[in-house]
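Structure record follows, encoded as structure tokens.
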Amino acid sequence: MKFGEELKKSFFIALGLILLTFPIMVVQVNTIENVIVWRWRNLIFIGLGGFIFSFVWLLFQKKKSESSPQTPAGHSRLHRIIDEPRLYRPALSIIAFFALIFPFVFSHYQVNIMTTALIYVMLGLGLNIEVGLAGLLDLGYVAFYAVGAYSYALLNYHFGLGFWSALPVGAILAAFAGILVGFPVLRLRGDYLAIVTLAFAEIIRLVLENWNEFSFGPSGISNIPRPGFFGIKLTPEQSAIYMYFLLILMCIFTIFVIHRLQHSRIGRAWVALREDELACQAMGIDKTKAKLAAFALGATWAGMAGVLFAAKTTFINPASFTFLESAMILSIVVLGGMGSVVGVVIAALALILIPEYLRVFSNYRMLLFGAALIIMMVFRPQGILADRRKKYEFHKLESGEGN
Amino acid sequence: MNGVFMDNVLEVKDLTMNFGGIKALDRVCLEIRKNQIVALIGPNGAGKTTLFNCLTGVYTPSEGDIIVHTANGKSRRINGMKINSITKLGLARTFQNIRLFGGMTVLENVMIGRHCRTHSGITGAIFRPKSTRDEEKAIVNDSYRILEYIGLTAYVNELARNLPYGAQRRLEIARALACDPQILLLDEPAAGMNSQETRELEQLIIRLWEDRHLSILLIEHDMKLVMNLAQNIFVLDYGEEIARGTPAEITSNPVVIEAYLGVQNDAQVN
Chain F
1 MKFGEELKKS
11 FFIALGLILL
21 TFPIMVVQVN
31 TIENVIVWRW
41 RNLIFIGLGG
51 FIFSFVWLLF
61 QKKKSESSPQ
71 TPAGHSRLHR
81 IIDEPRLYRP
91 ALSIIAFFAL
101 IFPFVFSHYQ
111 VNIMTTALIY
121 VMLGLGLNIE
131 VGLAGLLDLG
141 YVAFYAVGAY
151 SYALLNYHFG
161 LGFWSALPVG
171 AILAAFAGIL
181 VGFPVLRLRG
191 DYLAIVTLAF
201 AEIIRLVLEN
211 WNEFSFGPSG
221 ISNIPRPGFF
231 GIKLTPEQSA
241 IYMYFLLILM
251 CIFTIFVIHR
261 LQHSRIGRAW
271 VALREDELAC
281 QAMGIDKTKA
291 KLAAFALGAT
301 WAGMAGVLFA
311 AKTTFINPAS
321 FTFLESAMIL
331 SIVVLGGMGS
341 VVGVVIAALA
351 LILIPEYLRV
361 FSNYRMLLFG
371 AALIIMMVFR
381 PQGILADRRK
391 KYEFHKLESG
401 EGN
Chain H
1001 MNGVFMDNVL
1011 EVKDLTMNFG
1021 GIKALDRVCL
1031 EIRKNQIVAL
1041 IGPNGAGKTT
1051 LFNCLTGVYT
1061 PSEGDIIVHT
1071 ANGKSRRING
1081 MKINSITKLG
1091 LARTFQNIRL
1101 FGGMTVLENV
1111 MIGRHCRTHS
1121 GITGAIFRPK
1131 STRDEEKAIV
1141 NDSYRILEYI
1151 GLTAYVNELA
1161 RNLPYGAQRR
1171 LEIARALACD
1181 PQILLLDEPA
1191 AGMNSQETRE
1201 LEQLIIRLWE
1211 DRHLSILLIE
1221 HDMKLVMNLA
1231 QNIFVLDYGE
1241 EIARGTPAEI
1251 TSNPVVIEAY
1261 LGVQNDAQVN
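Have a look at this one:
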């Protein structure tokens, strides 16, 4: 039989699943009447569900390995759209038009969610410099975000600094924090770097939580002013719309800068550093400089995002800067495709918006979200839109730059 | 002015490298003259790659001096200098186990080699003034020329990891050339190549030597290649220099034969 092997495997998987879930799904202890309820029907559901699911799964895997051992990166449907001006130009104008009318069509609540998502777009793109380009696995990115947010909150509280002056200050302070973490971890790579950055983020969070005189502890800082709009007093709704457009502009600015960095001498040096550290140095690249630049620039975006976040929510406390946030931002980068700007933007919007719109499923929301992530990573391990290298065109012996 | 052949470009004096209690290199001396091809041979584990790693700054030698005489007439002791600074002084290398940037295109690999001869930084990248644009164009064009020279233009936009083995070896040389070296260090460039590819490599090295006036230090196990190319050969065994001389002297040297074959007999090392 053709599917004999798969059927057998699925059967055992289903059996294993039944055994595993037996105590929680079948046996129910009713503590009020002191009886055990045997829910045998669940057993059938789990068995059948597990069997069918694993069978389909195995078939898919088989088909995948038979069809092509390795699909060349950079030839997905999305890439084709991006490559074709006739397709991406109208798509881009539709997106731009939608972005423009969005706050006037949708509710205040929707605009707020979208603004949050845009903050994550910035964070994702910033972390993309560190993780996606330079290959520095940073699990403590949220620390720089916190530095940005707290620098605005504290500078405003103590010195009455406004949003627009706090924005560059927050960015610079975060960049300094980036260099501060960068120095001791220059020698570290991969897992070790991840652990140290994770610890750094925890230190920052714990300091903010416990140093009451400095950061007002867990109760946080409230009444942070929203950004001013030429001195005009805005209603909360207007201010939300203003914030939304501000973030749209910041995101465009971020994309512009990161795109340029990516296709520059320093951007190439980062990718080389990611690919092979020793060879990269042997080619004359200063590892120290390249790494510190990656840390500082990555942190700069987090700092600005932090200032924007503080201005948007008008209240911050250390609970907003937990490890979960770092993990979320990292998932955005990984899901979007390491080093890919468009991929990261799509992933940030998806990862922040999907849980919001899944609220209808109430309790199962996070379960569905997790399942979606796992499925995504299984079917597209390279991310939504894998990074591709720029191609150059040359004509005969005379060489000129193409696209 | 001295004759061209009197100029040393690299001098290694009494170089010792200890790893814990193990002496990987023991008072090794070596000289490379300008526009000379020098081969470094020896059995496995003799310390050849360790010497390479000392020369290129991967290891800091325990004792001794490595002195580079740069093109502008200055002499620098490079012990303990950073890898990238040594590259900038004019020493470029290839690796025994190919270490290309697999996820980058062939052209980009060579463009990375241009890094140490170019300058634009972060602000240049963001604002892209004319100087940066010109520099970028120059990097692309120079890199393409090098690929033309090496004969890899067919693969320009191919990812380096997808290249056939022989082409990967040549790309490593192309990438090293992009650093504008004065001394090229080749670590077993013919390893894993078939005889056809080895012949092509030999032609390429001769061309480099003739056209670019490079000094080349070569580690190689393919004795035919070494004997055809090298003007001077240094033989290492157990971290010590056991012989040096012209190919003819080395082939007839009983100490070398013993090191290679274990016992002294009349076998040819060929």
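These protein sequences, in sequence, are chains F and H.
Using the working numbering, you'd call the opening residue of the first sequence number 1 and step up by one each time.
Using the working numbering, you'd call the opening residue of the second sequence number 1001 and step up by one each time.
Ideal Cβ placement from N, Cα and C applies to all residues, glycine included.
Listing by chain order, which chain F residues have their CB less than 7 Å from the CB of residue i?
i, result
"residue 1215 of chain H", "None at all; the shortest Cβ gap to chain F is about 17 Å."
"residue 1009 of chain H", "Ordered by position in chain F, no residue passes the 7 Å Cβ test against residue 1009 of chain H, which lies about 18 Å from the chain."
Could you check how far apart the C-beta atoms of residue i and residue j are, in whole angstroms? I think they sit under 8 Å.
i, j, result
"residue 166 of chain F", "residue 143 of chain F", "At roughly 18 Å, the Cβ-Cβ gap does not stay under 8 Å, so residue 166 of chain F and residue 143 of chain F are not in contact."
"residue 1160 of chain H", "residue 1104 of chain H", "6 Å"
"residue 121 of chain F", "residue 345 of chain F", "5 Å"
"residue 1082 of chain H", "residue 284 of chain F", "The Cβ separation is near 10 Å, so there is no contact."
"residue 279 of chain F", "residue 1095 of chain H", "7 Å"
"residue 1010 of chain H", "residue 1183 of chain H", "6 Å"
"residue 244 of chain F", "residue 103 of chain F", "5 Å"
Look at the Cβ atom of residue i, then the Cβ atom of residue j, and state whether they are nearer than 9 Å.
i, j, result
"residue 196 of chain F", "residue 181 of chain F", "yes"
"residue 1110 of chain H", "residue 1154 of chain H", "no"
"residue 1229 of chain H", "residue 1040 of chain H", "no"
"residue 1240 of chain H", "residue 1028 of chain H", "yes"
"residue 266 of chain F", "residue 1125 of chain H", "yes"
"residue 276 of chain F", "residue 1101 of chain H", "yes"
"residue 223 of chain F", "residue 314 of chain F", "yes"
"residue 58 of chain F", "residue 10 of chain F", "yes"
"residue 148 of chain F", "residue 12 of chain F", "no"
"residue 1052 of chain H", "residue 1187 of chain H", "yes"
"residue 269 of chain F", "residue 1119 of chain H", "no"
"residue 79 of chain F", "residue 385 of chain F", "yes"
In or out: residue i buried (at least 16 other Cβ within 10 Å) or exposed?
i, result
"residue 312 of chain F", "buried"
"residue 364 of chain F", "exposed"
"residue 69 of chain F", "Here residue 69 of chain F scores only 48 on pLDDT, less than 50, and its place in the model should not be relied on; the value that follows carries that caveat. Exposed, by the Cβ-count rule."
"residue 1181 of chain H", "buried"
"residue 131 of chain F", "buried"
"residue 72 of chain F", "With a pLDDT of 49 at residue 72 of chain F, under the threshold of 50, the modelled position of this residue cannot be trusted; read the value that follows with caution. Label assigned to residue 72 of chain F: exposed."
"residue 4 of chain F", "exposed"
"residue 378 of chain F", "exposed"
"residue 133 of chain F", "buried"
"residue 31 of chain F", "exposed"
"residue 399 of chain F", "With a pLDDT of only 44 at residue 399 of chain F, under 50, the local geometry of the prediction cannot be trusted, and the value read off the model is given with reservation. So residue 399 of chain F counts as buried."
"residue 94 of chain F", "exposed"
"residue 1173 of chain H", "buried"
"residue 394 of chain F", "buried"
"residue 105 of chain F", "exposed"
"residue 1060 of chain H", "exposed"
Find the residues of chain H that neighbour residue i, judging by a C-beta separation of less than 7 Å, and give them in chain order.
i, result
"residue 293 of chain F", "1122"
"residue 284 of chain F", "1084, 1087, 1088, 1115, 1116 and 1179"
"residue 394 of chain F", "1144 and 1156"
"residue 29 of chain F", "Those do not exist, as residue 29 of chain F stays about 55 Å from chain H at its closest Cβ, beyond 7 Å."
"residue 257 of chain F", "1126"
"residue 281 of chain F", "1083 and 1084"
Going along chain H in order, which residues have a C-beta closer than 8 Å to the C-beta of residue i?
i, result
"residue 129 of chain F", "Near residue 129 of chain F there are no residues of chain H at all, since even the closest Cβ is about 11 Å away, more than 8 Å."
"residue 386 of chain F", "Chain H residues near residue 386 of chain F: none, gap ~10 Å exceeds 8 Å."
"residue 267 of chain F", "1125"
"residue 389 of chain F", "1103, 1104, 1105, 1108, 1157 and 1159"
Measuring alpha carbon to alpha carbon, tell me which of the options ends up nearest residue i.
i, options, result
"residue 1085 of chain H", "H:1058, H:1062, H:1063 and H:1104", "H:1058"
"residue 1205 of chain H", "H:1036, H:1010, H:1021 and H:1023", "H:1036"
"residue 1092 of chain H", "H:1246, H:1238, H:1216 and H:1243", "H:1216"
"residue 1256 of chain H", "H:1232, H:1042, H:1207 and H:1095", "H:1042"
"residue 316 of chain F", "F:120, F:146 and F:26", "F:146"
"residue 138 of chain F", "F:44, F:341, F:259 and F:194", "F:194"
"residue 1189 of chain H", "H:1097, H:1050, H:1023 and H:1056", "H:1097"
"residue 1193 of chain H", "H:1168, H:1055 and H:1069", "H:1168"
"residue 332 of chain F", "F:347, F:201, F:319 and F:320", "F:347"
"residue 38 of chain F", "F:27, F:150, F:45 and F:381", "F:27"
"residue 246 of chain F", "F:163, F:135 and F:83", "F:163"
"residue 1219 of chain H", "H:1134, H:1212 and H:1227", "H:1227"
Residue i versus chain F: which residues are under 9 Å apart at the beta carbon?
i, result
"residue 1102 of chain H", "275 and 276"
"residue 1128 of chain H", "260 and 264"
"residue 1060 of chain H", "In chain order: nothing, as chain F lies at least about 14 Å away."
Name, please, each residue of chain H whose Cβ falls closer than 9 Å to the Cβ of residue i.
i, result
"residue 297 of chain F", "1122"
"residue 334 of chain F", "Neighbours of residue 334 of chain F on chain H: none; closest Cβ ~16 Å, over 9 Å."
"residue 271 of chain F", "1101, 1103, 1104, 1108 and 1112"
Closer than 8 Å by beta-carbon distance: list the chain F residues that pair up with residue i, in chain order.
i, result
"residue 961 of chain H", "No answer is possible for residue 961 of chain H: it lies beyond the span of chain H, which begins at 1001 and ends at 1270."
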